[in-house]
Structures are given as C-alpha cells and as structure tokens.
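J.: Protein chains in written order, with this note's numbering: chain X, 3 to 253; chain W, 93 to 750.
One structure, as structure tokens, below. Some questions next.
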Amino acid sequence: MEKSINISLKVWRQAGPKVKGEFETYKLDNVSTDNSFLEMLDILNEGLINHRKEPIVFDHDCREGICGMCSLYINGHPHGLDGETTTCQLHMRRFKDGETITVEPWRSAAFPVIKDLMVDRGAFDKIIQAGGYVSVNTGGVPDGNAIPISKVDADEAMDAASCIGCGACAAACKNGSAMLFVAAKVSQLALLPQGRIEAAHRAKVMVAKMDELGFGNCTNTGACEAECPKAVSISHIARLNREFLSAKFKD
Amino acid sequence: MAKKQESTTVEATKIDARIPAGPLAEKWSTFKATQKLVNPANKRRLDIIVVGTGLAGASAAASLAELGFNVLNFCIQDSPRRAHSIAAQGGINAAKNYQNDGDSVYRLFYDTIKGGDYRAREANVYRLAEVSNSIIDQCVAQGVPFAREYGGLLDNRSFGGAQVSRTFYAKGQTGQQLLLGAYSALSRQIGKGAVKLYSRYEMLDVVVIEGRARGIIARNLVSGKIERFFAHAVVVGSGGYGNAFFLSTNAMTSNASAAIQMYKKGAYFANPAYAQIHPTCIPVHGETQSKLTLMSESLRNDGRIWVPLKKEDAEAIRAGKKKATDLSEDERDYYLERRYPAFGNLVPRDVASRAAKERCDAGFGVGNTGLAVYLDFSTAIDRLGENTIRSRYGNLFQMYDKIVDENPYKTPMMIYPAIHYTMGGVWVDYELQTSIKGLFCIGEANFSDHGANRLGASALMQGLADGYFVLPYTIQNYLADQIQTPRMSTELPEFEQAEKDIHTKIEKIMKIQGDKTVDSIHRELGLIMWDFVGMGRNKAGLELALEKIKAVRHEFWTKVYVPGVSVDLNVELEKALRVADFIEIGELMARDALMREESCGGHFREEYQTPDGEALRNDEEFSFASCWKFAGEGKEPELLKEALDYEFIHRQQRNYKA
C-alpha cells in the first residue's frame, strides 16, 4: 500500500569529464514509496528546474530492467542493495523514512564520467566489436532445426546471454575487471555449436581488447556476481579461462 | 454493404505503392529476380545513413555493410544494444510449422491481414510471412539462444490472434536476444570499419537535394553540437510515436522526431490514428509515474483474465475489504472466455483491451483505482506446477513483484491496457521507400505491415524482415541509379539551410524561459491523448482534443523552460525538441481518427460498433491508407488516399467467437 517518506540525497555532481566533482545534498519530502528510484530522481529534477537550477544528469531508458542504460552506485552498491535489480526497478519502498541516500556514478577507470552520474561505457562495445559474435553474414544459413542443441546447453547459454551490459560488474570489482561481462559472451557462444568454431579465438581477442582498454585483472573475489542485476554466474569466468588457455596452448 | 467486397469505391488519389504484378506468392521472387543490383566495386563508393539501432536499424546496417556499402549508423543511446527493441518480451512469429499444427506462409499471412482488420497491404504482408522463416534461421546461426525442447529442437508457444503455435522465444527476453544477435552482427561490421557508429547522436532533420534525400543533420548529445552528414541514401528506423501519450510502454528516449521531420520535408505520414493499446500492462500507480511496464502477451497462454461477477465484490476489493483469492470460481467472470469461446484469453490485443475497458467502465474493475483486471495463474499452477510456470515466465513474475510488491504465484496479477505500439508511421511503398526518393523507412517507424492492429510477436518479425531481408534488396533498386553520383559536400546550401533552421528552432526554445517544465507539458498532452484519442474515440471528443492540443502547443511555445545552454549536454533541451514533435503527431493522430468514420483494429470510434460492441468497419468508404501530406506550419495537412484493393483475400467482419 502506498505511503510516503522523507529522504536526504547526497548526489555526485560533476560538470564534465575533466572537472572536479563533489557531493551535493538535497532534501526531498513526501516521496511515494510506490515510486521507482528514477521517478524519485525525476521529482527531484523537476524541483531543481522549477528553482532555475540544472537538473542532475543520469543515464536511463527502458525503465524496465532490460536495456542496461541505468547505472548509479546507491549507498555503496551498484544498482542499490536489492539483489537482481537494476536501478530503474528499485523502488522507494526499499528505503526508510529519514534515510540519507548516497548516489554516485560508476567508478571505474574504463568508464570515465561524462557529466554528473552519466559515464562512458563505450569500452564494452569495443570488446564486443573485437570478437563477441559468430562470423556469419545475413543469408545462406542452414535451417534453424538443422543443428539440435541440448536443452541444458541452450538454457545455460541463455543464462549467460541475459547480461544487459550495464557495467555493474566492472564497477563493483576492486580491480575494475570486465571479466564477467566478457565471460558471459564467450560462454554463451562457446556453449552453442554455432559459436564453438571460433570459441578459442574469440576468448583470446576479447580478453586482449579488455586488457588494452584499461580494465583490471580478475582475482576471483566474486563481487561481480554478487552485484550483477541479472545474476550472471562466475562459473562462466571458469569457462572463459578454459577457452583462453586452450587458445594459448595452440599458439 | 459493399457492392463488391474485394474492391473499394474509394476514389483514391492514385498513390503508387509500386507493387509487382502477378500472383501473390510470386510477387517477391519476381521483384528480386528483376530488380536492379549494384556491383561490388560500386557498392564501396556508395554511402548509406541508417538512423536507429533497434531490430530494424541494426539488422539493416549490418546487412548493408556485409554487402559492401559504407554505412553510417546513428544511435540515440550510448550503445546500439540499448535500443528499445530490447524490451520486447514474448517472441517472434514464423511460419515454420515445426509443430505440425497446420501452419503455413499463407496462414501467417492470413492471420496477420485479419489481425490488422483488413487495413494492411496484401503484398507486403505476404512478403513478411514469406521471409519469416529465414529470420529464425539467421538468428539461430548468430547464436541466439532460443528455447528448445529436450530433443534439441526449437520450441514454440502460442500468441494472440492465431490458432497455431508459431512463436519462437528466448524466455521472456526474446527482443533482447534478437537485438543482441543483430547487435553482434553490427559490432562485427563496426570492428571491420564497414560501419561507422555515432552513438549518443539524435537525428534532427533530413536533407533533401533536388528531390532526393542526401543526408541528415544530427545533434551530438554529449557536446550539443549540430553536425551534418552526407549519404547517397538515408534509412530511418527510429521506432514508433507511442510516447505522445507521455505514459507508455516505450523507453524514455523513444520519440517521433525523426518521423515528423521526414513528414515536414515531404514524406507522407500514413494512418497515424492506428495505435495499439496493449491489454496486459501493470496499472498506473500515481501522478509521478514516468512510464508503464508491459507484461508479455505470452502470459495469456497460461493466465486467465477475470473480474468479479458481482459489482459488490468489485467494490469490496477496491475498498480493500476483500481479496481476489476470497472469490470462488462461480463468483468470477472470465469475460474473454465468455465472450470469445474460440480464442478465449488469446484474442488479439485490441479486442482484449476494449473488453477490459468495458468491464472497468461498467464498474467491475479492481485495484484501488478500479482500473485493473486480474490475470490469474492459479489454474495453470495447479495443472503444471509452480516450477513450470517459473521456467516459462520467471523474469516477468519477478518484474511484476518488484514493481507492485505482490507475489503473482500466490495472488493474481493486476493488469490494465496501455499504449504500446504504433501501427501508423511514415508511408512507404513496396520497396520501403518513402514519398521522398532515396529516403527509406523501416521497422515500427513505417506504416507498412500491421494494418489497424498488430498481432503479438509480429513486431520483431517485421523489424528483422525489413532489416535483414527486404531493405538490403530494395535499396539497391534505387542505388543502382546513383552509382554516378559523387559524394557531395556538406557545405551545399541545402545542408546549410537545414542546419540554420535547427539553430533557429533551438534558440527559440531556449529563449522562452517560461515557468513550465518540459515534462509537465508532455504530461498534459498525454492526458489529452489518453482521454480522447485512446481506446474509445468519438467525434465530439476528437474535436475537443484538437482544440486542447492547440492550446498545449501554444503553452509549449510560450511557457516552456529549458535550463542551461544549447551547446552542451542538455537533457531538458533534448526532451523539449521531442515534445514539440509529440504535439505535432498528437494532432495528426486526432485528425486522422476524426476523419476515419469507422472502427477498425486499434482505432475504435464509439459511433461505429456492432450491437455486441465489436469494431464495425466501413469498407465501402474507408478501405484506404490515409496519407497525410504536410502543407506548411499552421496549415491543415492534405489527405491523400492509397486504396487498399483486396485481390486475394475475402474481407470479413473479424470474428474470434467461433
């Protein structure tokens, strides 16, 4: 049932990539607990605009937890404290009346801040461009049922493929590693016969690109899995490592 | 009744859709066999702009680059993977007949035409059904993890408006997986340098030189700079205009601006009134809500829709004195099963939405607002067990729980219709070319295949059909004549003028410095659209809407406040530019709905219904696609008509009862 709460927000404001940022504090009263976290920020922004102030910039789009556009470190956790939740799916009923909520952008060397809470995650696209695909052109492919795939493999590939590319894994990692993101794609395609052919090569080029772009190494702390809004498992990292090693042995 | 049902007496301004002659089943192969092609050496010399990276845009950009064209691809988000196609849940149709349940290309074609209430072009829809099978093959080859049976073959589910199981799916995330497939193909071409990607860019205008589209003007959303881009042809796949309603299932940046700019440069806008209100969305919670969330139509495979049979029970539930689970079977009205025995809970979306509205308007609605009906899984859970239901819809149930804070395994979901998809869009001919040469429009942004109502799992099919298998052919028929055209300078006066016009418009908005936020004006527009141009429309309401929209336009251009400066990252300015165009499309929708004095598909005029409340078409007078031609700012647009002659199908009153 609907009720409302009063909150304080400590929000990171930063005018541009090369400018020093700082926290600003805002008070917001009578926030309906049925509102989503981003709707709460909309209300805050509407108030700022009405006071002739610049609204807080943050990334968001689908607002149903699938596009991966929203980010935000909320009270020290990417996408907030709720498990398996993106920021856009987080609701104000998860916060207490009188609570102070700290909101920061992703903090990762490979994701520079653009403005306020918006960061540049183009590095993820570059990793996919390096090899996160099956090399087929449009047309001339066999019938969809020509290659049976075991349900177990298809389901596991689907679990890996549910990654939304939001970057929470890299933002949560103390090393700033993108291993879970890379592993999800490598693992999805390695599990399917269509992707098997290029599996070793794919692992090698994607890892190389990840290193080149300034992401750190994986030391198996598991923070990525714990914070992943889609619960992508670190077992995929083990599969990536297998593919990577087999590629290296072949070299 | 019509004198001759298969043709129409509409005196159409002859708009030539350039449909190939010959039998229906041979039109597309005839076209492909006789069209002009561009040889590989010449492809390298031709530039194509593709605006949008959804299913249509990404698949087109990737396929065109694979063929050897130079592609410039524009993306409004930070990454092509975030286009709103990603949010499609339920599935994609194809006429594979893997289930041996009687499906065929013809049946998919027929269901789609009937589902669209006989307001789509036969030739386009047949082609769509024809290429549907190749889409599934293509996606499997890309590594899309479709659901499979234990034997390793592809699984199917049922969707509304069909009596066969032809829908392929990847859990409740089919759109995501198909988009990531197209995104991977696109990424491969970007990696090779065949596609140049411009992310966080928004198209603000199309540049027309000597009657042909030759480029676009776009705003770099990070720097705020306005930039010019040349190409030999421009392809726009910018999605639909549902956000004119403010609250919709569209993403926050989904907008109509590219389409409206094309319209203002001379491209016809067709059937703007055809908007789809989706029956299964999470009901509105309050005034500060920013968007609506869809619950996939696939849920109607196993969920049963009902309201209390007695008004007292509905009132008690609204007051919080009773719960859904307190009502026994005989106290429930499964109204879809009652009214439509043959299709039951799987009637098409327009029918299901109107039936929900009818029950709620009659006082049987639930939830604290009374604007909700139940979608109940208890029968399915009893029959199949909770685990099976979880494996089919787990992510949807989780999404519902997060938003509403109720466990749908234990209590029925509450749902209500919401604006979801727009069938209308930029007019295109059979070759997906607009009325401006060299300007193509694909996916939801065009009007082509869904008539007055789209069937579930057909949007993904159409987007990918356009991008993978139709446009890469048809665009060559145009480009074959352009191989002698050298790349043009963006210093040409047409580019200069287009950019200047945009600067003028932006400065005008920045200077208003009024006291209304962009969102508050957008919200006002949305309420007008929902109240008068929504599920039930009538003459008086639409006339009132036109007046009210005029007032909103005036308010916008005199009272809007946009903070900051224009040459910088400025989200409020982006939104203001979009809202200015939503006002235009809102007016066009109301105008079109007022003109169309019949009910068909998603367009329901209350004056035109059968005695039992079904949509009543008027084929005699309205069997045409309405094509609106821009006549200048402040002037009434001109209505042109493309007659819809049904050569191959016998038109009927749509019937989902028996």
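We put the beta carbon where it would ideally sit given N, CA and C, even for glycine.
Would you mind listing the beta strand (DSSP E) stretches within the segment 235-295 of chain W that are 3+ residues and don't spill past its ends, in chain order?
T.: Fully enclosed beta strand (DSSP E) runs of 3 or longer: 287-291.
J.: Would you list the one or two residues that DSSP bridges to residue 421 (chain W)?
T.: According to DSSP, residue 421 (chain W) bridges with nothing at all.
J.: Is the separation between the beta-carbon of residue 64 (chain X) and that of residue 178 (chain W) shorter than 8 Å?
T.: Contact: yes.
J.: Output yes if chain X places a C-beta closer than 8 Å to the C-beta of residue 232 (chain W); else output no.
T.: At least one chain X Cβ lies under 8 Å of residue 232 (chain W).
J.: Under a Cβ-count criterion, where at least 16 other Cβ atoms within 10 Å of its own Cβ denotes burial, should residue 248 (chain W) be classed as buried or exposed?
T.: It counts as buried.
J.: In the DSSP output, what is residue 716 (chain W) paired with across the bridge?
T.: DSSP lists W:735 as partners of residue 716 (chain W).
J.: Can you name the residues that DSSP bridges to residue 53 (chain W)?
T.: Chain W is shown from 93 up to 750; residue 53 (chain W) falls before or after that span and cannot be answered.
J.: Go through the segment 15-69 of chain X residue by residue and report every complete run of the beta strand (DSSP E) that reaches 3 residues or more, in order.
T.: Fully enclosed beta strand (DSSP E) runs of 3 or longer: 24-34.
J.: Secondary structure at residue 513 (chain W), three-state DSSP: helix, strand or coil?
T.: Reduced to three states, the DSSP call for residue 513 (chain W) is strand.
J.: Alpha carbons only, please: which of W:396, W:559, W:166 and W:348 is nearest the one belonging to residue 680 (chain W)?
T.: Of the candidates W:396, W:559, W:166 and W:348, the one whose C-alpha sits nearest the C-alpha of residue 680 (chain W) is W:348.
J.: Can you give me the start and stop residues for the beta strand (DSSP E) that residue 164 (chain W) sits inside?
T.: That run of the beta strand (DSSP E) goes 162-167.
J.: For a test of the three-state rule: what should DSSP assign to residue 152 (chain X), helix, strand or coil?
T.: Here residue 152 (chain X) sits in coil by DSSP.
J.: Taking buried to mean at least 16 other C-beta atoms within 10 Å of its own C-beta, is residue 677 (chain W) buried or exposed?
T.: It is buried - the Cβ of residue 677 (chain W) has at least 16 other Cβ atoms within 10 Å.
J.: Which same chain residues, not among the five before or five after residue 68 (chain X), have their C-beta less than 7 Å away from its C-beta?
T.: Here the set comprises 166.
J.: Shortest alpha-carbon distance to residue 42 (chain X) belongs to which of W:381, W:558, W:185 and W:731?
T.: Comparing Cα positions, the closest option is W:381.
J.: Does DSSP classify residue 456 (chain W) as helix, strand or coil?
T.: Three-state DSSP puts residue 456 (chain W) in coil, outside helix and strand.
J.: Judging by CA-CA distance, which residue of W:611, W:686 and W:646 is the nearest neighbour of residue 726 (chain W)?
T.: Considering only alpha carbons, the answer is W:646.
J.: Thinking C-alpha only, which one of W:421, W:446 and W:312 is nearest residue 662 (chain W)?
T.: Residue 662 (chain W) has its Cα closest to that of W:312, out of W:421, W:446 and W:312.
J.: Is residue 353 (chain W) close to chain X? Criterion is C-beta to C-beta, closer than 8 Å.
T.: It does not: the Cβ of residue 353 (chain W) has no partner Cβ on chain X nearer than 8 Å.
J.: Using a Cβ cut-off of 8 Å (strictly closer), state whether residue 680 (chain W) contacts chain X.
T.: So, not an interface residue.
J.: Within 10 Å of its beta-carbon, does residue 409 (chain W) have 16 or more other beta-carbons around it, so buried, or fewer, so exposed?
T.: The residue is buried, with at least 16 neighbouring Cβ atoms inside 10 Å.
J.: Could you check if residue 268 (chain W) is buried or exposed, using at least 16 other CB atoms within 10 Å of its CB as the buried criterion?
T.: Buried, since its Cβ has 16 or more Cβ neighbours within 10 Å.
J.: Go through its chain and collect everything with a Cβ distance to residue 655 (chain W)'s Cβ below 7 Å, but skip five positions before and after it.
T.: Here the set comprises 664.
J.: Is the segment 701-716 of chain W close to the segment 349-356 of chain W, with three or more CB pairs under 8 Å?
T.: With a cut-off of 8 Å, the segment 349-356 of chain W and the segment 701-716 of chain W do not count as touching, because too few Cβ pairs lie within range.
J.: Measure how close the beta-carbons of residue 515 (chain W) and residue 701 (chain W) come, nearest whole angstrom, since I'm counting them as under 8 Å.
T.: At roughly 20 Å, the Cβ-Cβ gap does not stay under 8 Å, so residue 515 (chain W) and residue 701 (chain W) are not in contact.
J.: Taking the alpha-carbon positions, what's the residue 483 (chain W) to residue 716 (chain W) distance?
T.: Taking the straight line joining both Cα atoms gives about 44 Å.
J.: State yes or no: is the C-beta of residue 159 (chain X) within less than 8 Å of the C-beta of residue 237 (chain W)?
T.: Yes, the Cβ-Cβ distance between residue 159 (chain X) and residue 237 (chain W) is below 8 Å.
J.: Would you please state the rounded distance, in angstroms, between the beta carbons of residue 9 (chain X) and residue 35 (chain X)? I believe it to be under 8 Å.
T.: Wrong, their Cβ atoms sit about 11 Å apart, outside the cutoff.
J.: Taking the CB atoms as reference points, tell me whether residue 200 (chain X) and residue 137 (chain X) lie closer together than 8 Å.
T.: In this structure, residue 137 (chain X) lies closer than 8 Å to residue 200 (chain X) by Cβ.
J.: Taking the alpha-carbon positions, what's the residue 325 (chain W) to residue 164 (chain W) distance?
T.: Answer to the nearest angstrom: the Cα atoms are 11 Å apart.
J.: For the segment 140-196 of chain W, list the beta strand (DSSP E) runs that are entirely contained and at least 3 residues long, ordered along the chain.
T.: Complete beta strand (DSSP E) runs here, min 3: 162-167.
J.: Rounded to whole angstroms, what's the CA-CA distance from residue 612 (chain W) to residue 460 (chain W)? Just pull it up for me.
T.: The alpha-carbon atoms of residue 612 (chain W) and residue 460 (chain W) are separated by roughly 25 Å.
J.: Residue 559 (chain W) and residue 155 (chain W) look like a contact to me (Cβ under 8 Å); what is the Cβ gap, rounded to whole Å?
T.: Their Cβ separation, rounded to whole angstroms, is 6 Å, which keeps residue 559 (chain W) and residue 155 (chain W) in contact under 8 Å.
J.: Do the segment 43-61 of chain X and the segment 116-132 of chain X meet, that is, are 3 or more Cβ pairs less than 8 Å apart?
T.: Touching, yes.
J.: Identify the continuous beta strand (DSSP E) that holds residue 117 (chain X) and give its terminal residues.
T.: From DSSP, the beta strand (DSSP E) with residue 117 (chain X) extends over 115-117.
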